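Here the structure comes first, spelled out in structure tokens, and everything after it is commentary.
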Amino acid sequence: MAPIKIGLVGLSTSSTATNWAVRAHLPYLQSEHGKSLFEIIALCNSSVESAKQSVKHFGLAESVRTYGSPEGLAADPDVELVVCVVGVKGHYEVCLPAVKAGKNVYTELPFASNMQQMQELTDEAEKKGVRTIMGCQGQAHPAVHLIKKMIAEGKIGKPLNINCVLEVFGKLEAFSSVMGIDHPTVEIMDPAQGGKIVESVKKECPDNILLQGRFESGTLINYQMRAGKVFPGEPGCRWLISGDKGDIQLASPRGCFDIEHVGIGIKYRQADQAEAEIVALPEDELSGLEQPAQNVGRLYDAYAKGKTDLRGDSSKPFGEPAAYRWE
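Residue numbers (my numbering): 1 to 327.
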């Protein structure tokens, strides 16, 4: 199979330490495995000159075409997949021309800045028959698939309740959510100044989210995510799945383990056992990449192999009812 031809938007030479395209996308796309499935043939930045600088800086092929507008990139007849890795405010402006031109699109989460833009992009994508992928890389995490496999094999019997993750259990049949702001200001840090706090801004999005609900299978969910420091000696994330024959627990030092997973541990206990056993995480051909690039790369792999079971497809943006409640 010939590599899928990519037009990449947002590969900038500025702030490379925090640039998600540099940290998560490029290491995969420049790996031998990534190059066997994908080829960067075009780059789009805020200007053609900026795109040319990025081509040179990151050692891309001299044949890579450079664009200074999403419309210019969308008009390239050879680009098969437009990858959008810019700030959320730019998602709609980047993706709409691509979708209208019949290009498949991979964009970072969320699909756009508001539900109206998301719906317009979704409707246009359905009309054009293109695939749209959101960068929810946690769904591709080996830990998620390991737990999904253990449940499918009947390790814990019938799941009775959990405290997260839709990739394992599917769609919610009913839910109730409460959201609020516990920390009303956010301190802005400048990496270029060694992490110095340069200003504080008012927070407008919730930082404490509680969700209770029931999946179509009957399994219950009880979920909370909150801002703040991790309590000493406790994991940043604890995910417990209880069944009628046993339990599975995932613990991570970080609250969000989809980006980096150093220190993640999975334990399994049968109902008649006093002690839990440690379950090793499986490795694959991407395990040697930098951590932010591993799960992003697994999403790319799923796309290249035509998998449709991952829930990053933006045709039905998850969280719509909750988002409207917050607004």
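Note that CB positions come from ideal geometry on N, CA and C, so glycine has one too.
This structure is a prediction, so every number in the text was calculated from the model and none was measured.
Chain-order list of residues whose beta-carbon lies under 6 Å from that of Ser314 (same chain, five-residue window excluded): Confidence at Ser314 is low in this model, with a pLDDT of 46, below 50, so its placement is unreliable and the value that follows should be read with caution. Closer than 6 Å at Cβ, skipping near neighbours: Phe111, Thr132, Met134.
Tell me whether Pro108 is buried or exposed, calling it buried when 16 or more other Cβ atoms sit within 10 Å of its Cβ. One detail in the question is off: residue 108 reads as Glu in this sequence, not Pro. Flag for Glu108 reads buried.
So, under 8 Å CB-CB, Gly7 and Ala42 are touching, yes? Tell me the CB distance rounded to an integer number of Å. 4 Å
Nearest CA to the CA of Tyr268: which residue from Pro253, Pro282, Asp247? Asp247
Looking only at DSSP bridge pairs, what is Ile221 linked to? Ile162, Gly213
Can you name the residues that DSSP bridges to Thr306? The residue you asked about is not Thr; residue 306 is Gly in the sequence shown. In DSSP, Gly306 forms no bridge with anything.
Should the segment 143-158 be called in touch with the segment 183-200, which here means at least 3 C-beta pairs below 8 Å? no
Measure the C-alpha to C-alpha separation of Tyr67 and Gly218 and round it to an integer number of angstroms. 50 Å
According to DSSP, is Gln270 helix, strand or coil? strand
Which one or two residues does DSSP pair with Ser242 in a beta bridge? Asn161, Asp247
Could you check if Cys205 is buried or exposed, using at least 16 other CB atoms within 10 Å of its CB as the buried criterion? exposed
Delimiting residues of the beta strand (DSSP E) encompassing Val83: 81-84
In this structure, how does DSSP classify Phe38 when only helix, strand and coil are distinguished? strand
Excluding the 5 residues preceding and the 5 following Pro292 in the sequence, name in chain order all residues of the same chain whose CB lies nearer than 6 Å to its CB. Arg23, Ala24, Ile259
Separation of Tyr223 from Leu160, as counted between CA atoms: 14 Å
Short check: CB of Pro77 to CB of Phe38, under 9 Å? no
Beta-ladder partner(s) of Ser200, from DSSP: Glu187
Among Ile241, Pro232, Cys237, Phe175, nearest to Gly213 - alpha-carbon criterion: Phe175
According to DSSP, is Ser54 helix, strand or coil? helix
Taking the straight line between their C-alpha atoms, what separation do you get for Phe231 and Asn208? 16 Å
Kindly list the residues whose CB is nearer than 6 Å to the CB of Trp333, restricted to its own chain and excluding five residues on each side of it in sequence; keep chain order. Past the edges of the chain, shown from 1 to 327, lies residue 333, and the structure says nothing about it.
Given a threshold of 16 other Cβ atoms within 10 Å of its Cβ, counted over all protein chains shown, does Gln116 qualify as buried or as exposed? exposed
Cβ distance (whole Å) where Ala75 is taken to contact Val99 below 8 Å: At roughly 13 Å, the Cβ-Cβ gap does not stay under 8 Å, so Ala75 and Val99 are not in contact.
Could you give the distance in angstroms between the alpha-carbon of Val94 and the alpha-carbon of Val55? 19 Å
Given a cut-off of 9 Å on the beta-carbon distance, is the pair Val9 and Val83 in contact? yes
Need the endpoints of the beta strand (DSSP E) that Lys5 sits in, please. 4-9
With a Cβ-Cβ cutoff of 9 Å, do Lys245 and Lys155 count as a contact? yes
With a CB to CB cut of under 6 Å and the five nearest residues on each side skipped, what residues in its chain are close to His33? Glu285
Quick one: measure Cβ to Cβ for Leu397 and Pro142, integer angstroms, because I've assumed they're closer than 8 Å. As displayed, the chain neither begins before 1 nor continues past 327, which places residue 397 out of reach and without an answer.
Could you tell me the distance, in whole angstroms, from the CA atom of Lys178 to the CA atom of Lys202? The sequence shown places Val at residue 178, not Lys. Those two C-alpha atoms are separated by around 20 Å.
For Pro321, which three-state DSSP category applies? In this prediction, Pro321 has a pLDDT of 45, which is less than 50 and means its spatial position is unreliable; what the coordinates show is noted afterwards. DSSP places Pro321 in helix when its eight states are reduced to three.
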